[in-house]
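Just so you know, numbering that gives the first Met the number 0 puts 126 at position 127 of the sequence shown, and the rest follows in order with no gaps.
For each residue, glycine too, the CB sits at the ideal point set by N, CA and C.
Below is one structure, written out as structure tokens, with a few remarks after it.
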Amino acid sequence: MRPAGALVLCGALALLIALAPGLAASIHAERAFDHGDQRLYYPDGPFLRHARLGFAAPVADYVWLQAIQYYGGFRRGEHDLRYFEGLIDAVVTLDPRFGEAYHFASLVLSLEHGDHHAAIDMLKRGILANPDDWRLPFNVGFIHYVFANEYEVASRWFETAARLPEASDFCRRFAAFSRQRSGDVAGSLVLWEHLRQTTESADMRELAERMIEQGLQTLQGAPPGGMKGSPAPAAAKGVR
0 MRPAGALVLC GALALLIALA PGLAASIHAE RAFDHGDQRL YYPDGPFLRH
50 ARLGFAAPVA DYVWLQAIQY YGGFRRGEHD LRYFEGLIDA VVTLDPRFGE
100 AYHFASLVLS LEHGDHHAAI DMLKRGILAN PDDWRLPFNV GFIHYVFANE
150 YEVASRWFET AARLPEASDF CRRFAAFSRQ RSGDVAGSLV LWEHLRQTTE
200 SADMRELAER MIEQGLQTLQ GAPPGGMKGS PAPAAAKGVR
């Protein structure tokens, strides 16, 4: 290794060693310090970004492990989650392509905090940095579908996910179900037919054919002059 390279590597290792006590202190300080002062002991994302010495990925991996351990401590009842978002912010600031951090954070924010707005904001931040990751828009749709009962909005996100590289039939299936749940039976039929024609799965094709048959029966019994099925369910307000 060239001397300059060795110096940079040593500097990176020194940074990790220097940050470790601060990170650990921030996680465990709640038992010793007032809540208003604890945040001062944690290096934030912008600081880490400027101090990384060109080794963003290793530092992001280190902070990611701290975040996982911190969440594990919460599940064991050792502390709350007041530092969780700060740890995740540090990870994705250091490495915006760290897809798993966005997914995990959105689940924690939704399931533990009940903060679906923050979960969606986190996923949208991930989409900006990872526009080809179909799982991010799919998870946005899933939150709208499960927690807000906003089926039309959910369907649009599922359709967006389905258009991305490596997206599975799973996305199109959820998009079609969401359209149907929103009352847009005709739109659902279009999606089911597209899935039937393009899927490589015999089971998925059979499901699509069954849903098409049910949808056609619904339309035949629909009131004249309308292509809609049942009215859309009442949506939870404000989750966008």
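- Judged by DSSP in its simplified three-state form, H116 adopts helix.
- Under the three-state reduction of DSSP output, F157 falls in the helix class.
- The C-beta distance from R155 to A128 rounds to 21 angstroms, too long to meet the 8 angstroms contact threshold.
- Here the C-alpha atom of F54 lies approximately 14 angstroms from the C-alpha atom of A89.
- Every unbroken stretch of the alpha helix (DSSP H) spanning 4 or more residues and falling wholly within the stretch 94-151 is given here in chain order: 98-110, 115-128, 134-145.
- In terms of Cα proximity to I142, the closest of A166, F173, A161 is F173.
- Annotation: D202 to V62 spans about 42 angstroms, alpha carbon to alpha carbon.
- Under the three-state reduction of DSSP output, Y82 falls in the coil class, being neither helix nor strand.
- For G72, the enclosing alpha helix (DSSP H) covers residues 55-74.
- Here the C-alpha atom of Y70 lies approximately 15 angstroms from the C-alpha atom of E99.
- Boundaries of the alpha helix (DSSP H) harbouring L190: 184-197, taken from the DSSP string.
- F157 places its beta carbon less than 8 angstroms from that of S177.
- In terms of CA proximity to F137, R162 leads the group E205, N148, R162.
- Your pair L194 and A185 does not check out as a contact, with CB atoms roughly 15 angstroms apart and the cut at 8 angstroms.
- In this structure, the beta-carbon distance from Q179 to S187 falls below 8 angstroms.
- Scanning its chain for C-beta atoms nearer than 8 angstroms, with the 5 sequence neighbours on each side dropped, one finds no residue around E77.
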